[in-house]
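K.L.:
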Amino acid sequence: MSQIITLEQLKSALDEKLSQGCRVAAPVLDGEFASFKEITKADQGSYEPRVAMQNSIKEFFFPKHETLFTFVRQGQDVVLTDAPDFEVDQIVVGARPCDAAALPVLDPLFGWDYQDRFFQQRRAKTTVVSFACVKSDAHCFCTAVGGSPENTSGSDALLFDLGDGSFEVRVLTDKGKALFEGKTTDSDKTGQSCDAPTVDFEVDKIADWIRANFASPLWEKISLRCVGCGACAFVCPTCHCFDMVDEGSYNKGKKVKNWDSCQEAMFTLHASGHNPRGTQGKRQRQRLSHKFVTYPDKFKFYLCTGCGSCSRSCGQMFGVRPTLEALDKEGVKAGQ
Amino acid sequence: MENELRNAIRELFANQGVGVAIGYGRVGVDGAVGAVFVTSPDDVDQLVWNNECRQNLAVHLTRPEVKALGKIAIVCKPCDARAVVVLANEAQIKREDLVVVGVVCEGIRNVKPDGSTSDKDYPKCETCVQHVPANVDVVIGETSKGEALDAKNAEVATTAGHQAKLAKLRAMSAEERFQYWRDEFSRCVRCYACRQSCPLCYCNRCVADKNRPARIDTSASLKGNFAWNILRAFHLAGRCVGCGACASACPAGIELDLLNLTLANAAKEHFGFVAGTEVGAAPLIGTYDRDDKEEFIR
Amino acid sequence: MSTETKAPDAFEPKIVAFVCNWCTYLGADLAGTNRLEYPANVRIIRLPCTGRIDFNLIVKAFEIGADAVLVSGCHPGDCHYTAGNFHARRRWKLFRELLDTVGVDLNRVYFSWISAAEGAKFQSLVTEIVEKTKAMGPYQEYKSIVAES
């Protein structure tokens, strides 16, 4: 016996939550582009499983810019005010399984030595409703990093598009239960996801190669076409580097936390002018090492869910999958 | 044409002491076309030429990693070749140290949000008139679609752009335009893909990266994004050649080239200036004329 | 300068004037010494030359709450640095077009040439800008993107 919900019922459930003051984010279509956005009416969203998204759901947990505290100068004093706590309930609907899977990957990072209340409060307040994939494309490689088109990791409920204007609902957590309880009907229909994307490389072997080949000239060679923007990192559901800057004037302003990317030359530029990662090859090595060696060594997760957003959005046709394939072909399999 | 291109590059390796040839190859996912850096005549067969050759390769000319590979030969579409002219005019490259292999181009296919190739041309290619590259060392291919652009027929160059879209935008009220950009810029994540993919954004340190004092907000907030996008566009005033690399690289799909096209149109209309069409031309904003228009000044 | 006599909730626009040190600043000074009255809504920022006035300062002025901006310098031919205002003129001609496409209200951006002898011109232009801006109301659009940031 399965539980199903129609699209109309799903929308009215979201509208009900919106009317209760809940924040809802869903895929919104703009021409050919689909991106996750906050919506004010359920109708603004577009509810079908998608492969290509212009952003990931991470911005509802780790926004592209976020105020940490504000400051005001009062006479001889400076008055600091902490940013308020995140107190509204939030629902992210329409996540890809590879988007949702990034959340458990990021949990240990934001709660390791320093407890990041900004991330943790959003995490606690948010219900993630994912759609199982109905198709994959050449950029997808979730299978290589332990995922699948119906990966449940990080989701509170997983919906399967039945193709008839309804979804099979598989509730995974209490938060998911709270959202769907009483909204679904019994059915004997069950949904199915697409086949898992195929890959012909093994991430573990590439990780071993990366460990052993810090100084390989291959890094420079494969990275030549990368122009060093942050697009891959900013569409990535797992990339989490940030910069903290002051904005405002002498008299009042705020400290903000903004997304940053290790692919930009400024990222490691020292005040002396020295840059330990002075070339794009070194910066790509950092990106790949962090994703497949240092992060798993520390937190047991690959810092990659295989969503393929990086290569889909790269203007230079680069990204994690092409890099892994190049390392596999020219490093691992060539025995270099 | 592909063979003609490969032979020409082989010839350059043999006779002109070229250390690296920057061209297009099937390097991305599913054979997507991107830049390849051929450092040996044995690898020349990696080079391809077709209507998916989207990137402006001139962006690599000023990068230290690429300059380290020796004398450069570069494959340029007609719009890209204009960027090489501007780079040389602005003393960023020594033109005599470079071999520019121009390819005849009849339009490049647009890219879809999922990274694959669309069956439609780039908006800017739909109205493009510059099919034969000018100011290059070798021309590969032929076309019946028009002649090379030089300073003489430069007045047609800025029709290469999606003028219709811009005209529609300019016909709206200021409030509607502001709202349009507000929606667009709300998606900007400040990844600087526009800047990094632009051959003419070559500053070692961009003003957006300066923090003593910070010239503009680095936050991807509406305030910061308006300031950034105005700044980026205006620093290209009289310099942008309309290749569209910025818009094509934008992960948020913002049509940034509409801003650049505005300035290219203005440069042409008010000063008769078209960037990258004249070797040795002085930069538009670095010069002045005593009789420049000033009807807007009280 | 006049004292602002106003109803408590009347809209008093903030006008930022970027002026050059050698002509317009002295023109404004002359207006003062001649007791020519002009509204106190204008905040004058003195810079060496209009050639120095970065376009980004206009954006910045709107960011910090300006309802209109004036950029003013020496008449053509009078520049203390020979050609700063010629460079500025060309730059503003292009920059206005960009602002127009972006949807910034060009009725809130003014350019003028005001010499050291033209105290009266400074008075009348600033008065006119203040009156027109009052009629248009606060620059809500730019203020709203700042408020949301």
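Residue numbers (the numbering used here), protein chains in the order written: chain A, 3 to 338; chain B, 408 to 705; chain C, 41 to 189. Positions of the beta carbon are idealized from the N, C-alpha and C atoms, including for glycine.
#1: Quick one: residues in its chain with C-beta nearer than 7 Å to the C-beta of B/V507, no 5 flanking neighbours on either side, listed in chain order?
#2: Take A/T145 and list the residues in its own chain whose beta-carbon comes closer than 8 Å to its own, dropping the five residues that flank it on each side.
#3: Assuming A/G283 is part of the alpha helix (DSSP H), what are its boundary residues?
#4: On a Cα-Cα basis, can you pick out the residue from B/S447, B/I547, B/C486 that is closest to B/L412?
#5: Under the DSSP definition of a beta bridge, which residues are partnered with C/S112?
#6: Using a beta-carbon distance cut-off of less than 8 Å, what residues from the segment 120 to 143 of chain C approach chain B?
#7: In chain B, which residues lie less than 7 Å from C/I185 when you measure between Cβ atoms?
#8: Is B/Y609 closer than 7 Å to B/Q537 when the C-beta atoms are compared?
#9: Taking 7 Å as the threshold (C-beta atoms), are A/L82 and A/F64 in contact?
#10: Would you call B/N496 buried or exposed, if buried means 16 or more other Cβ atoms sit within 10 Å of its Cβ?
#11: Applying the criterion that 16 or more other CB atoms from any shown protein chain within 10 Å of the CB defines a buried residue, is B/H467 buried or exposed?
#12: On a Cα-Cα basis, can you pick out the residue from A/G33, A/A27, A/V53, A/E61 that is closest to A/D45?
#13: Closest by CA to C/V109, which one among C/S164, C/Y179, C/A187, C/N125?
#14: Please give the ranges of any alpha helix (DSSP H) in the segment 434 to 498 of chain B, keeping only runs that are unbroken, at least 4 residues long and fully inside the region.
#15: If we count Cβ pairs, one from each stretch, closer than 8 Å, do we get three or more for the segment 638 to 657 of chain B versus the segment 110 to 125 of chain C?
#16: From the DSSP output, in three-state form, read off A/W261 for me.
#17: Just by C-beta distance, which residues in the segment 143 to 156 of chain C are closer than 8 Å to chain B?
#18: Using alpha carbons as the reference points, say which of A/K256, A/D109, A/R285, A/N277 lies closest to A/V80.
#19: Using alpha carbons as the reference points, say which of C/C63, C/A57, C/G159, C/E103 lies closest to C/T122.
#20: Could you compute how far the alpha carbon of C/E52 sits from the alpha carbon of C/T173?
#21: Could you list the residues in the segment 217 to 235 of chain A with a C-beta less than 7 Å from some C-beta on chain B, going in chain order?
#22: Give the secondary structure of B/A688 by DSSP, where H, G and I count as helix, E and B as strand, and everything else as coil.
#23: Let me know the secondary structure DSSP gives A/L70 once reduced to three states.
#24: Taking the CB atoms as reference points, tell me whether B/F641 and C/L138 lie closer together than 7 Å.
#25: Exposed or buried, what is C/S34 when buried is set at 16 or more other beta-carbons lying within 10 Å of its beta-carbon?
#26: Taking B/F452 as the query, report the chain A residues whose CB atoms sit under 8 Å from its CB, ordered along the chain.
#27: Could you check if B/P606 is buried or exposed, using at least 16 other CB atoms within 10 Å of its CB as the buried criterion?
#28: For chain B, check one thing: does any of its Cβ atoms lie closer than 7 Å to the Cβ of A/N153?
#29: Measuring CB to CB, does B/R705 end up less than 7 Å from C/S152?
#30: Thinking C-alpha only, which one of C/G177, C/T141, C/C89 is nearest C/A57?
#31: Do A/T325 and A/G167 have their C-beta atoms within less than 7 Å of each other?
#32: Just to confirm the assignment, what range does the beta strand (DSSP E) spanning A/K185 have?
#33: Just to confirm, are A/E170 and A/F182 a CB contact at a threshold of 7 Å?
#34: Under the assumption that B/L573 contacts B/L668 (Cβ atoms under 8 Å), give the Cβ distance between them as a whole number of angstroms.
#35: Going by CA-CA distance only, name the one from A/V295, A/R323, A/G113 that's closest to A/A209.
#36: I want to verify the contact list: residues of chain A whose CB lies under 7 Å from the CB of B/Q603, in sequence order.
P.N.:
In terms of the structure at hand:
#1: I481, C483, A488, V491, V543, D544
#2: A198, P199, T200, V201, G308
#3: 282 to 291
#4: B/I547
#5: C/V59, C/S152
#6: A123, F126, H127, R129, R130, R131, W132, K133, L134, F135, R136, E137, L138, L139, D140, T141, V142, G143
#7: R589, L629, K630, F633
#8: no
#9: no
#10: buried
#11: buried
#12: A/A27
#13: C/Y179
#14: 471 to 474, 485 to 496
#15: no
#16: strand
#17: G143, V144, D145, L146, Y150, F151, S152, W153
#18: A/K256
#19: C/C63
#20: 9 Å
#21: E222, L226, R227, V229, G230, C231, G232, A233
#22: coil
#23: strand
#24: yes
#25: Outside the modelled stretch of chain C, which goes from 41 to 189, sits residue 34 of chain C, for which no answer is possible.
#26: It should be pointed out that residue 452 of chain B corresponds to Asp in this sequence rather than to Phe. The premise fails here: B/D452 is roughly 17 Å from chain A at the closest Cβ pair, so nothing lies under 8 Å.
#27: buried
#28: no
#29: yes
#30: C/C89
#31: no
#32: Note, A/K185: premise wrong, no beta strand (DSSP E); not H, not E.
#33: no
#34: 5 Å
#35: A/V295
#36: V229, G230, C231
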